[in-house]
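As given, the protein sequences belong to chains B and U, one line each in that order.
Quick note on this note's numbering: the first sequence kicks off at 8 and runs consecutively.
Quick note on this note's numbering: the second sequence kicks off at 8 and runs consecutively.
C-beta atoms are modelled at their ideal positions from N, C-alpha and C, and glycine is treated no differently.
It should be emphasised that the depicted structure is a prediction, and the values quoted were computed from it without experimental measurement.
Protein chains: 2
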Amino acid sequence: MLNFFLMKHFILASTSTLFGEEYLAYLQPAMTALYGGIDEIVFIPYARPGGISHDDYTTKAAGAFAAIGVKVRGLHTFEDPAAAIKSARGFFTGGGNTFLLVKQLHELGLMQPLQTAVNVGTPYMGCSAGSNIGGISMQNTNDMPIVYPPSFETLGLISFNLNPHYLDPIPGLQHMGETRETRIKEYHTQNDTPVVGLREGSWIYVKGDTVTLQGTLSARIFEAGKEPYEVATGSSLAALK
Amino acid sequence: MLNFFLMKHFILASTSTLFGEEYLAYLQPAMTALYGGIDEIVFIPYARPGGISHDDYTTKAAGAFAAIGVKVRGLHTFEDPAAAIKSARGFFTGGGNTFLLVKQLHELGLMQPLQTAVNVGTPYMGCSAGSNIGGISMQNTNDMPIVYPPSFETLGLISFNLNPHYLDPIPGLQHMGETRETRIKEYHTQNDTPVVGLREGSWIYVKGDTVTLQGTLSARIFEAGKEPYEVATGSSLAALK
Numbered sequence: 008m009l010n011f012f013l014m015k016h017f018i019l020a021s022t023s024t025l026f027g028e029e030y031l032a033y034l035q036p037a038m039t040a041l042y043g044g045i046d047e048i049v050f051i052p053y054a055r056p057g058g059i060s061h062d063d064y065t066t067k068a069a070g071a072f073a074a075i076g077v078k079v080r081g082l083h084t085f086e087d088p089a090a091a092i093k094s095a096r097g098f099f100t101g102g103g104n105t106f107l108l109v110k111q112l113h114e115l116g117l118m119q120p121l122q123t124a125v126n127v128g129t130p131y132m133g134c135s136a137g138s139n140i141g142g143i144s145m146q147n148t149n150d151m152p153i154v155y156p157p158s159f160e161t162l163g164l165i166s167f168n169l170n171p172h173y174l175d176p177i178p179g180l181q182h183m184g185e186t187r188e189t190r191i192k193e194y195h196t197q198n199d200t201p202v203v204g205l206r207e208g209s210w211i212y213v214k215g216d217t218v219t220l221q222g223t224l225s226a227r228i229f230e231a232g233k234e235p236y237e238v239a240t241g242s243s244l245a246a247l248k
Numbered sequence: 008m009l010n011f012f013l014m015k016h017f018i019l020a021s022t023s024t025l026f027g028e029e030y031l032a033y034l035q036p037a038m039t040a041l042y043g044g045i046d047e048i049v050f051i052p053y054a055r056p057g058g059i060s061h062d063d064y065t066t067k068a069a070g071a072f073a074a075i076g077v078k079v080r081g082l083h084t085f086e087d088p089a090a091a092i093k094s095a096r097g098f099f100t101g102g103g104n105t106f107l108l109v110k111q112l113h114e115l116g117l118m119q120p121l122q123t124a125v126n127v128g129t130p131y132m133g134c135s136a137g138s139n140i141g142g143i144s145m146q147n148t149n150d151m152p153i154v155y156p157p158s159f160e161t162l163g164l165i166s167f168n169l170n171p172h173y174l175d176p177i178p179g180l181q182h183m184g185e186t187r188e189t190r191i192k193e194y195h196t197q198n199d200t201p202v203v204g205l206r207e208g209s210w211i212y213v214k215g216d217t218v219t220l221q222g223t224l225s226a227r228i229f230e231a232g233k234e235p236y237e238v239a240t241g242s243s244l245a246a247l248k
């Protein structure tokens, strides 16, 4: 089918769920605006959090979308998923394991069709792993490399990478594993792409040429060769590249 | 040179450093036994924690090894690192980023020579990333995929994988990122290799056919299709495969 939307319109959220809340609850107002006028979207279940099946994960997503009157169909149920992406009215990619998600999208040849569909204006929302793939690469994921993807490149819907579930150092913690900040700085010894540390409760909102930090919290920005800095919610990130 | 050691002899430690202690301090007695009679070892600095240079990292390692009377030379200073591995009297691989370490070892063609050297009895110690590479694969690392290695396969010195810096869920933490246990269970939806969650202060000690958990803490064992369980320090892990 034709796409009647010409302006890019998407949400990349740090997390699907806030502590003590229902799945996607805090995003409901943003989802209502994003998917306005759309009655069915395609759900991309490949990240499989905790190993949940594609069917069960789709049922979970459908439950949350029912609250805003949108039907959900899992991408895994289409015989020709590339064609399904081309004709979809909207997308939601759930969180889970980014390596698994990226491997599947590459191996099924879906990265390119999905990129095209979002770039011509089909509304997209991602949470966690589903947001990671909106960046230039998945190289700032927190996930464990449980499978080997053919490439770490992702959709490049934005001109930077995301670190979802960004976590500040925990005061008093005696654990000697690297902090998130240390890990992102290590990334910048090898790469130049800026990274946005997106705290739980925050999301990136893109409409046309605007790129805005939304939600309740500030985000931490990491650029190669600079000290990390905070940006307040509501700030534009359009110049970050 | 000839190897006069015929029995495998190595240590894979969760961390280099315990909270509030000096680098490698808690491992000093174990190192004295491992490297007994050896006056110089080769240090593998490729994991570069925090982006430290190969030279600076080697200096840091040399400082800790001076305390047990062992000289250290960085593998990066040899014109032919494969030959250096073949003639080394002992090895230490420091922690840092496992993706970086594994990429370097594969690209320089060093995985195979190192595996052979350790299997014929050259003493080896790894910490953190340097322990991850002792497993079948690096797929249970906690690190960020800051570079794309040509393969996730590693030395296979033991018949299982390690998750160094193993972290129990932190009570009261309202962060919604996956726990370490969830991540390892996700790994087992895609793979069968057992995983040892090695807490900071513990290490795997291998001498000949013995494989023992050492240090002060128990370890958490994850086998595909089983509930995770604890093993006490001093236990044999030789049957885990």
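Setting aside the 5 residues that flank it on each side, B/Ser23 is surrounded in the same chain by Tyr30, Leu31, Gly101, Gly102, Cys134 and Ser135, each with a C-beta closer than 7 Å to its C-beta; the list follows chain order. Across the set B/Glu207, B/Ala239 and B/Pro201, the C-alpha of B/Pro201 shows the shortest separation from the C-alpha of B/Gln146. Listed along chain U are Gln181, His182, Met183 and Gly184, each with a C-beta nearer than 9 Å to that of B/Glu207. Counted as a single uninterrupted DSSP element, the stretch harbouring B/Gln111 is not any beta strand (DSSP E) but the alpha helix (DSSP H) occupying residues Thr105 to Glu114. Per the DSSP secondary-structure output, B/Met132 pairs in a beta bridge with B/Ile18 and B/Phe99. Boundaries of the alpha helix (DSSP H) harbouring U/Gln122: Met118 to Asn126, taken from the DSSP string. For the 9 Å CB-CB criterion, U/Asp150 and U/Thr105 form a contact.
With fewer than 16 other CB atoms across the displayed protein chains lying within 10 angstroms of its CB, B/Ile177 is exposed. Look at U/His195: its C-beta is under 9 Å from a C-beta on chain B.
The beta carbons of B/Ala37 and B/Gln221 sit closer together than 9 Å. With respect to chain U, the C-beta atom of B/Gly57 has a partner C-beta closer than 9 Å.
If the five residues before and after U/Ser225 are omitted, its C-beta is found closer than 7 Å to the C-beta atoms of Glu237, Val238, Ala239 and Thr240, all from its own chain and listed in chain order.
B/Gly215 and B/Thr161 have their alpha carbons spaced roughly 20 Å apart. Against chain B, the CB of U/Phe26 has a partner CB under 9 Å away; the residue lies at that interface. Residues of the stretch 131 to 148 of chain U with a Cβ closer than 9 Å to any Cβ of chain B, in chain order: Ser135, Ser144, Met145, Gln146, Asn147 and Thr148. Across the stretch 148 to 161 of chain B, CB contacts with chain U closer than 8 Å involve Thr148, Asn149, Asp150, Met151, Pro152, Ile153, Val154, Tyr155, Ser158 and Phe159, in sequence order along the chain. A distance of 9 Å or more separates the beta carbons of U/His83 and U/His113. Taking the Cβ atoms as the reference, B/Ile211 lies roughly 4 Å from B/Leu19, within the contact range of under 8 Å. For B/His172, the C-beta contacts it makes with chain U under 8 Å involve His182, Met183 and Gly184, in order along the chain. For the stretch 42 to 103 of chain U, the full-length alpha helix (DSSP H) segments reaching 4 residues or more read 61 to 73 and 88 to 94 along the chain.
U/Ser23 belongs to the set of residues whose beta carbon lies under 9 Å from a beta carbon in chain B. Using beta-carbon distances, B/Thr65 does not count as an interface residue toward chain U, since no partner is under 9 Å. Proximity of chain B to U/Arg227 at the Cβ level (cut-off 7 Å) is not reached, the minimal Cβ distance being about 15 Å. If you draw a straight line from the Cα of U/Gly232 to the Cα of U/His195, it is about 8 Å long. Excluding residues up to 5 positions away in sequence, nothing lies with its Cβ nearer than 7 Å to the Cβ of U/Glu28 in the same chain. U/Ala54 places its beta carbon less than 9 Å from that of U/Leu107.
Taking every protein chain shown into account, the CB of B/Ser243 has fewer than 16 other CB atoms within 10 angstroms, so this residue is exposed. Scanning its chain for C-beta atoms nearer than 8 Å, with the 5 sequence neighbours on each side dropped, one finds around B/Lys78 the residues Asp46, Glu47, Ile48, Ala69 and Phe72, in chain order.
Residue environment analysis places U/Phe26 among the exposed positions, since fewer than 16 neighbouring C-beta atoms fall within 10 angstroms of its C-beta. When rounded, the separation of the alpha-carbon atoms in B/Ile153 and B/Gln111 is 13 Å.
One Cα belongs to U/Ala246, the other to B/Phe99, and the distance between them is close to 44 Å. For U/Lys214, no alpha helix (DSSP H) encloses it; the enclosing beta strand (DSSP E) starts and ends at Ser209 to Lys214.
By the beta-carbon neighbour count (other beta carbons within 10 angstroms, threshold 16), U/Ser138 is buried.
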